[in-house]
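Chains as they are written, first to last, in this note's numbering: chain A, 206 to 317; chain B, 765 to 879.
Written out as structure tokens, the structure is:
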């Protein structure tokens, strides 16, 4: 195990639902990240947090809302998603920005 | 600007034969380079990393990569493929930029291992 835990592993939701993805790291890292991985597309960086402050938002639609209450926890709140948002959402952490990433196993999201 | 190019989107080998996954990088600085592996429905796992020490880097599961500055390459190799090596492999370079550094991911190479 990498020390980064994501829940749930799988999520199916309708376009009107509200759900949240959770990520927890037990590594004492300062930076946390959300990535989106879609079939046949490169890995997309969504958000970056450093010491629980957001340092990067890569033009992500507002239907994705991140939350980082402390350096160990990261959430991704989802509402009124579209079918094209179906993807594997990966959380990662690193000791500091730009250092080796440690990934969780991801949440496979399907939007119906 | 830093970038990384994985030259093959798919590679297929037979079990027991050598594996070569190619990666070229572009960097204005002395780069830090990584290879990550992703098995189906799993997160990415670090295979190995180069951070300006020895140019031949050994990783987990028998993989190794050689940093060649003259060729701007960081190819991943393994002498003998195993069925469990079937996965997607990502080459990554660190982009250094002022206050923050970013990891730049390649588009991935899907490795198939035939029995």
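All C-beta atoms, glycine included, are put in the ideal place defined by N, C-alpha and C.
Decide if residue i is buried, meaning its Cβ has at least 16 other Cβ atoms within 10 Å, or exposed.
i: residue 795 of chain B; result: buried
i: residue 234 of chain A; result: buried
i: residue 784 of chain B; result: exposed
i: residue 824 of chain B; result: exposed
i: residue 221 of chain A; result: exposed
i: residue 217 of chain A; result: exposed
i: residue 793 of chain B; result: exposed
i: residue 287 of chain A; result: exposed
i: residue 870 of chain B; result: buried
i: residue 255 of chain A; result: buried
i: residue 770 of chain B; result: buried
Just grab the DSSP bridge partners of residue i for me.
i: residue 868 of chain B; result: B:857
i: residue 262 of chain A; result: A:252
i: residue 269 of chain A; result: A:283
i: residue 226 of chain A; result: A:281
i: residue 841 of chain B; result: B:784, B:828
i: residue 885 of chain B; result: No answer is possible for residue 885 of chain B: it lies beyond the span of chain B, which begins at 765 and ends at 879.
i: residue 769 of chain B; result: B:788
i: residue 812 of chain B; result: B:799
i: residue 212 of chain A; result: A:227
Residue i and residue j: beta carbons closer than 9 Å?
i: residue 859 of chain B; j: residue 791 of chain B; result: yes
i: residue 851 of chain B; j: residue 778 of chain B; result: no
i: residue 232 of chain A; j: residue 308 of chain A; result: no
i: residue 209 of chain A; j: residue 298 of chain A; result: yes
i: residue 833 of chain B; j: residue 303 of chain A; result: no
i: residue 295 of chain A; j: residue 807 of chain B; result: yes
i: residue 258 of chain A; j: residue 250 of chain A; result: no
i: residue 805 of chain B; j: residue 310 of chain A; result: yes
i: residue 227 of chain A; j: residue 207 of chain A; result: no
i: residue 857 of chain B; j: residue 767 of chain B; result: yes
i: residue 301 of chain A; j: residue 268 of chain A; result: no
Leaving out five residues on either side along the sequence, give the residues of the same chain with a beta carbon under 6 Å from the beta carbon of residue i.
i: residue 278 of chain A; result: 229
i: residue 837 of chain B; result: 788
i: residue 826 of chain B; result: 842
i: residue 820 of chain B; result: 830
i: residue 225 of chain A; result: 280, 282
i: residue 223 of chain A; result: 284
i: residue 879 of chain B; result: 779
Please work out which residues of its chain come closer than 7 Å, Cβ to Cβ, to residue i, disregarding the five sequence neighbours upstream and downstream, and give them in chain order.
i: residue 810 of chain B; result: 798, 800
i: residue 292 of chain A; result: 241, 242, 243, 314
Looking only at its own chain, which residues have a Cβ that is under 8 Å from the Cβ of residue i, when we skip the five neighbours before and after it?
i: residue 782 of chain B; result: 841, 842, 843, 844, 845
i: residue 317 of chain A; result: 217, 218, 219, 220, 288
Chain B contacts from the segment 298-317 of chain A (Cβ-Cβ distance under 9 Å): Within the segment 298-317 of chain A, the residues whose Cβ lies closer than 9 Å to some Cβ of chain B are 299, 301, 302, 303, 304, 305, 306, 307, 308, 309, 310, 311, 313, listed in chain order.
Interface residues of the segment 247-270 of chain A facing chain B [CB-CB below 7 Å]: If the cut-off is 7 Å between Cβ atoms, the segment 247-270 of chain A has 247, 248, 260 near chain B.
Residues, ordered as in the chain, of the segment 805-817 of chain B that lie near chain A by beta-carbon distance below 8 Å: 805, 806, 807, 808, 809, 810, 813
Interface positions of the segment 280-297 of chain A facing chain B (Cβ-Cβ less than 7 Å), listed along the chain: Contact annotation: in the segment 280-297 of chain A, residues whose CB is within less than 7 Å of a CB in chain B are 295.
Positions along the segment 209-240 of chain A whose CB lies within less than 7 Å of some CB in chain B: none
Members of the segment 786-803 of chain B that neighbour chain A once the beta carbon cut-off is set at 9 Å: 796, 798, 800, 802
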